[in-house]
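Peer 1: Okay, handing you the structure first.
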Amino acid sequence: MRVAVLNKDRCQPKKCSLECIKYCPRVRGGVEAIVMEEEKPTISEELCVGCGICVHKCPFKAIHIENLPEELHEEVIHQYGKNGFRLFRLPLPKRGKVVGLLGENGIGKTTALKILSGKLKPNLGRIEKEPTWDDIIEEWRGTELANFFREIANENIKISFKPQYIDKLSLYKGRVEEFIDEMGVKGEGLEELMDKKMNEISGGELQKIAITVAMEKPADIYFFDEPSSYLDIRNRLEMAKKIRELAENKMVVVVEHDLAVLDFLADIIHILYGKKGVYGIVAGAKTVRHGINLYLSGYLKEENVRFGEEIKFEKHPPREIRERETLISFDNLRKSYNGFELVVEKGKIYKGEVIGVVGPNGIGKTTFVKMLAGVIEPTEGNIEAKVKISYKPQYIKAGNGTVRELFEENKDKFHLLYEKEILNPLGIKDFYDYELKNLSGGELQTVAIAYSLSLEADIYLIDEPSAYLDAKQRMKVAKVIRRIMEKENKAALVVEHDVYFIDMVSQSLMVFSGIPGKKGVARGPFSLREGMNLFLKDLGITFRRDEESNRPRVNKIGSTLDREQKAIGEYYYEL
Numbered sequence: 000m001r002v003a004v005l006n007k008d009r010c011q012p013k014k015c016s017l018e019c020i021k022y023c024p025r026v027r028g029g030v031e032a033i034v035m036e037e038e039k040p041t042i043s044e045e046l047c048v049g050c051g052i053c054v055h056k057c058p059f060k061a062i063h064i065e066n067l068p069e070e071l072h073e074e075v076i077h078q079y080g081k082n083g084f085r086l087f088r089l090p091l092p093k094r095g096k097v098v099g100l101l102g103e104n105g106i107g108k109t110t111a112l113k114i115l116s117g118k119l120k121p122n123l124g125r126i127e128k129e130p131t132w133d134d135i136i137e138e139w140r141g142t143e144l145a146n147f148f149r150e151i152a153n154e155n156i157k158i159s160f161k162p163q164y165i166d167k168l169s170l171y172k173g174r175v176e177e178f179i180d181e182m183g184v185k186g187e188g189l190e191e192l193m194d195k196k197m198n199e200i201s202g203g204e205l206q207k208i209a210i211t212v213a214m215e216k217p218a219d220i221y222f223f224d225e226p227s228s229y230l231d232i233r234n235r236l237e238m239a240k241k242i243r244e245l246a247e248n249k250m251v252v253v254v255e256h257d258l259a260v261l262d263f264l265a266d267i268i269h270i271l272y273g274k275k276g277v278y279g280i281v282a283g284a285k286t287v288r289h290g291i292n293l294y295l296s297g298y299l300k301e302e303n304v305r306f307g308e309e310i311k312f313e314k315h316p317p318r319e320i321r322e323r324e325t326l327i328s329f330d331n332l333r334k335s336y337n338g339f340e341l342v343v344e345k346g347k348i349y350k351g352e353v354i355g356v357v358g359p360n361g362i363g364k365t366t367f368v369k370m371l372a373g374v375i376e377p378t379e380g381n382i383e384a385k386v387k388i389s390y391k392p393q394y395i396k397a398g399n400g401t402v403r404e405l406f407e408e409n410k411d412k413f414h415l416l417y418e419k420e421i422l423n424p425l426g427i428k429d430f431y432d433y434e435l436k437n438l439s440g441g442e443l444q445t446v447a448i449a450y451s452l453s454l455e456a457d458i459y460l461i462d463e464p465s466a467y468l469d470a471k472q473r474m475k476v477a478k479v480i481r482r483i484m485e486k487e488n489k490a491a492l493v494v495e496h497d498v499y500f501i502d503m504v505s506q507s508l509m510v511f512s513g514i515p516g517k518k519g520v521a522r523g524p525f526s527l528r529e530g531m532n533l534f535l536k537d538l539g540i541t542f543r544r545d546e547e548s549n550r551p552r553v554n555k556i557g558s559t560l561d562r563e564q565k566a567i568g569e570y571y572y573e574l
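The sequence shown runs 0 to 574 under numbering that gives the first Met the number 0.
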């Protein structure tokens with residue numbers, strides 16, 4: 000089966016010489032394998048011989064030709080028009096279970112959710128004449144999927160859907176209480192937010208509101224698209240517990256990239272693999288542990304498919320480096336303003352070091368960095384050395400222009416390694432010609448991280464880099480951050496709530512605790528092991544290492560292993 004996909008955003012016929020048509024051997028032989036339709040080329044999959052010449056000749060890399068197993072032809076669930084993305088197979092929700100979807104961005108997870116929730120009617124790849132619901136049910140006759148589609152078609156299933164992007168909620172003009180009333184729910188657990196305006200609250204608070212509204216709506220099946228974004232670790236696990244309780248007598252489907260949370264949350268996992276923006280295939284159901292380990296290995300044994308590089312975790316914490324050059328040292332610091340107080344215990348930051356920064360939202364992490372940068376002065380205490388800081392904020396807004404213009408217009412501000420060590424590994428040039436405002440959440444996040452790391456600075460503060468990135472992208476970003484700090488002999492502070500990301504990127508840890516919005520206490524940097532033990536002790540959570548992949552896994556509270564680790568003070572690494 001041959002799949003030909005044209006990325007219409009990249010394709011710019013007015014800026015090229017129509018190389019796809021000009022060099023196609025079949026066109027040159029008189030066969031109309033590629034023709035112009037509605038100002039864009041259309042590729043005939045039946046007439047294409049799969050030579051790949053058009054793929055390589057296209058100056059904008061807008062064409063993809065893929066040869067897939069012939070049996071997939073009967074398993075097309077949906078196709079987005081001629082030469083559009085295709086989704087093969089579907090996951091099946093199960094009552095009393097949390098079904099997790101795991102895969103790269105642009106591989107069809109959200110499409111699958113839209114189809115299962117009835118927001119998108121599957122066309123089975125029949126783009127000339129869309130099938131009726133009767134056709135769709137007949138296509139899957141005798142399967143559980145046919146019964147499910149019948150219920151969707153007859154509107155017998157009540158749906159509740161928590162969307163991926165919650166930023167749009169901030170456009171609501173009014174208070175949280177008014178929004179909750181309009182949604183027709185009680186808003187339990189949101190009492191402290193009720194009097195606040197929707198456009199003045201944080202991303203984490205917006206996420207809590209979106210999850211609460213979705214959970215409180217009476218429904219038969221609940222969909223949660225990336226529920227952990229912007230939540231701190233405590234809130235992520237609390238959210239996961241509530242969703243698990245919800246699934247006791249309902250159907251729940253979750254898309255989640257925080258693997259520690261997904262591991263804790265899901266019962267069954269479907270891995271989606273394929274090629275971003277071209278096609279996605281839903282693999283069969285796996286148990287949560289087995290599924291995540293397969294995803295990290297990049298190889299599906301049952302399907303005999305290699306779909307990515309293996310992601311490895313160290314079994315033991317990294318050894319502390321003895322001889323290091325101090326970049327910044329600070330005394331006991333205190334900063335007071337607007338009813339909030341931050342106390343920072345004395346410490347040092349070394350060159351070549353990546354420091355993970357963990358703690359609840361609203362606890363003073365950004366305030367600390369601004370003091371290091373000299374943007375604000377501490378109320379008490381001294382900082383030896385004022386340093387130049389590059390800052391990637393938690394919330395990103397797209398500016399005007401293309402990605403290419405952003406990087407080329409700021410070349411004089413970048414260090415020498417930016418192209419080789421940042422742009423190429425992060426795949427920034429793949430969307431060089433995209434308008435910044437048209438980028439997806441994950442693409443915009445990647446561009447912001449790459450831009451921040453490219454700037455010439457002494458310290459790089461990367462605030463919540465994992466938001467909207469898939470699991471594989473997160474690991475790629477972690478590697479790039481570590482490599483740049485080592486090669487450039489600079490330091491990075493990475494504020495993050497994804498335990499896997501912290502585990503992979505950090506050599507040491509700063510731990511923030513206290514009462515959000517009132518008082519924060521910052522300690523460290525500690526070694527990764529010492530810092531995580533301190534942080535997790537405060538949360539009352541223990542992690543173990545998976546025997547097969549060495550990845551961190553949350554212990555069930557009160558389990559034998561949880562009690563044993565707490566008794567010896569090992570919350571993160573077993574002895």
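All C-beta atoms, glycine included, are put in the ideal place defined by N, C-alpha and C. From a predicted model like this one, the values you see are computed outputs, not experimental measurements.
Please give the ranges of any beta strand (DSSP E) in the region 246–273, keeping only runs that are unbroken, at least 3 residues long and fully inside the region.
Peer 2: Counting only runs of 3 or more, we get 250–254.
Peer 1: For a test of the three-state rule: what should DSSP assign to Gly83, helix, strand or coil?
Peer 2: In the structure shown, Gly83 sits in coil (DSSP, three-state: anything other than H, G, I, E or B).
Peer 1: If I follow the unbroken beta strand (DSSP E) through Met509, where does it start and stop?
Peer 2: Per DSSP, Met509 belongs to the beta strand (DSSP E) from 507–514.
Peer 1: If distances are taken between C-alpha atoms only, which option among Ile461, Asp537, Arg323 comes closest to Lys391?
Peer 2: Looking at the Cα atoms, Ile461 is the closest of the given residues.
Peer 1: Quick check on the DSSP output: the beta strand (DSSP E) that includes Ser328 runs from which residue to which?
Peer 2: Note, Ser328: beta strand (DSSP E), 325–329.
Peer 1: Within the continuous beta strand (DSSP E) that includes Lys347, where are the two ends?
Peer 2: Segment 346–349, the beta strand (DSSP E) holding Lys347.
Peer 1: So does the region 488–504 actually touch the region 349–361, counting three or more Cβ pairs closer than 8 Å?
Peer 2: With a cut-off of 8 Å, the region 349–361 and the region 488–504 count as touching, because enough Cβ pairs lie within range.
Peer 1: Can you tell me which of Arg88, Val97, Tyr22, Gln506 puts its alpha carbon nearest to the alpha carbon of Lys56?
Peer 2: Selected option, being the one with the closest Cα: Tyr22.
Peer 1: In terms of residues, what are the limits of the alpha helix (DSSP H) holding Tyr294?
Peer 2: Note, Tyr294: alpha helix (DSSP H), 287–296.
Peer 1: Given a threshold of 16 other Cβ atoms within 10 Å of its Cβ, counted over all protein chains shown, does Ala566 qualify as buried or as exposed?
Peer 2: The residue is exposed, with fewer than 16 neighbouring Cβ atoms inside 10 Å.
Peer 1: Count the other C-beta atoms from every protein chain shown that fall within 10 angstroms of the C-beta of His72, then say buried if there are 16 or more, exposed otherwise.
Peer 2: Classification for His72: exposed.
Peer 1: Look up Gln78 in the DSSP assignment and give the residues it is bridged to.
Peer 2: Its beta-bridge partners are Arg85.
Peer 1: For Lys185, which residues in the same chain have their Cβ closer than 8 Å to its Cβ, ignoring the five residues on either side in sequence?
Peer 2: Only Ile179, Glu215 meet the Cβ criterion.
Peer 1: For the candidate residues Gly49, Phe223, Ile388, whose alpha-carbon lies nearest to that of Leu115?
Peer 2: It is Phe223.
Peer 1: Can you give the beta carbon distance from Gly531 to Tyr499, rounded, assuming they're within the 8 Å contact cut?
Peer 2: The sequence given here places Met at residue 531; Gly does not occur at that position. The pair is not a contact, with the Cβ atoms about 12 Å apart (cut-off 8 Å).
Peer 1: Sort out for me which residues DSSP pairs Ser159 with in a bridge.
Peer 2: Bridge partners of Ser159: Tyr221.
Peer 1: Do the region 249–267 and the region 84–99 make contact, defined as three or more Cβ pairs closer than 8 Å?
Peer 2: Result yes; three or more Cβ-Cβ pairs closer than 8 Å.
Peer 1: Would DSSP call Ala61 helix, strand or coil?
Peer 2: Note: Ala61 maps to coil in three-state DSSP.
Peer 1: Is it true that the region 73–87 meets the region 270–280, where meeting means three or more beta-carbon pairs spaced less than 8 Å apart?
Peer 2: Yes, they touch.
Peer 1: Straight-line CA distance for Asn122 to Gly83?
Peer 2: Cα-Cα distance, rounded: 12 Å.
Peer 1: Assuming His77 and Thr110 are in contact, meaning their beta carbons sit under 8 Å apart, how far apart are those beta carbons, in whole angstroms?
Peer 2: Sure, about 6 Å apart at Cβ, within 8 Å.
Peer 1: Please report how far the alpha carbon of Glu31 lies from the alpha carbon of Cys53, in whole angstroms.
Peer 2: Each residue's alpha carbon lies about 14 Å from the other.
Peer 1: Sort out for me which residues DSSP pairs Thr401 with in a bridge.
Peer 2: Its beta-bridge partners are Glu434.
Peer 1: For the alpha helix (DSSP H) containing Pro24, list its first residue and its last residue.
Peer 2: Element bounds for Pro24: 24–27.
Peer 1: Could you tell me whether the region 322–332 touches the region 377–385, where touching means 3 or more Cβ pairs closer than 8 Å?
Peer 2: A contact exists between the region 322–332 and the region 377–385.
Peer 1: Return the chain-ordered list of same chain residues with a C-beta closer than 6 Å to the C-beta of Arg522, the five sequence neighbours on each side being excluded.
Peer 2: Hits under 6 Å: Glu344, Val510.
Peer 1: Going by Cα to Cα distance, which pick from Leu170, Glu38, Leu422 is closest to Glu407?
Peer 2: Ranking Leu170, Glu38, Leu422 by Cα distance to Glu407 puts Leu422 first.
Peer 1: Ordered along the chain, which non-local residues of its own chain (more than five positions away) have a Cβ less than 7 Å from that of Pro424?
Peer 2: Taken in chain order, the residues that qualify are Lys475, Val479.
Peer 1: Could you tell me whether the region 3–11 touches the region 38–50, using the rule of 3 or more Cβ pairs below 8 Å?
Peer 2: Cβ pair count under 8 Å is three or more, so yes.
Peer 1: Give every residue of the same chain whose Cβ lies closer than 6 Å to the Cβ of Leu454, excluding the five residues on either side of it in the sequence, and list them in chain order.
Peer 2: Taken in chain order, the residues that qualify are Ser389, Lys412.
Peer 1: Count the other CB atoms within 10 Å of the CB of His256; is the residue buried (16 or more) or exposed (fewer)?
Peer 2: By the 10 Å Cβ count, His256 comes out buried.
Peer 1: Where does the unbroken alpha helix (DSSP H) through Gly440 begin, and where does it stop?
Peer 2: From DSSP, the alpha helix (DSSP H) with Gly440 extends over 440–453.
Peer 1: Could you tell me whether the region 360–372 touches the region 511–518, where touching means 3 or more Cβ pairs closer than 8 Å?
Peer 2: With a cut-off of 8 Å, the region 511–518 and the region 360–372 count as touching, because enough Cβ pairs lie within range.
Peer 1: When DSSP labels each residue in this structure, what does Asn66 get in the three-state scheme?
Peer 2: It is a strand residue.
Peer 1: So what does DSSP say about Lys14, is it helix, strand or coil?
Peer 2: Helix at Lys14.
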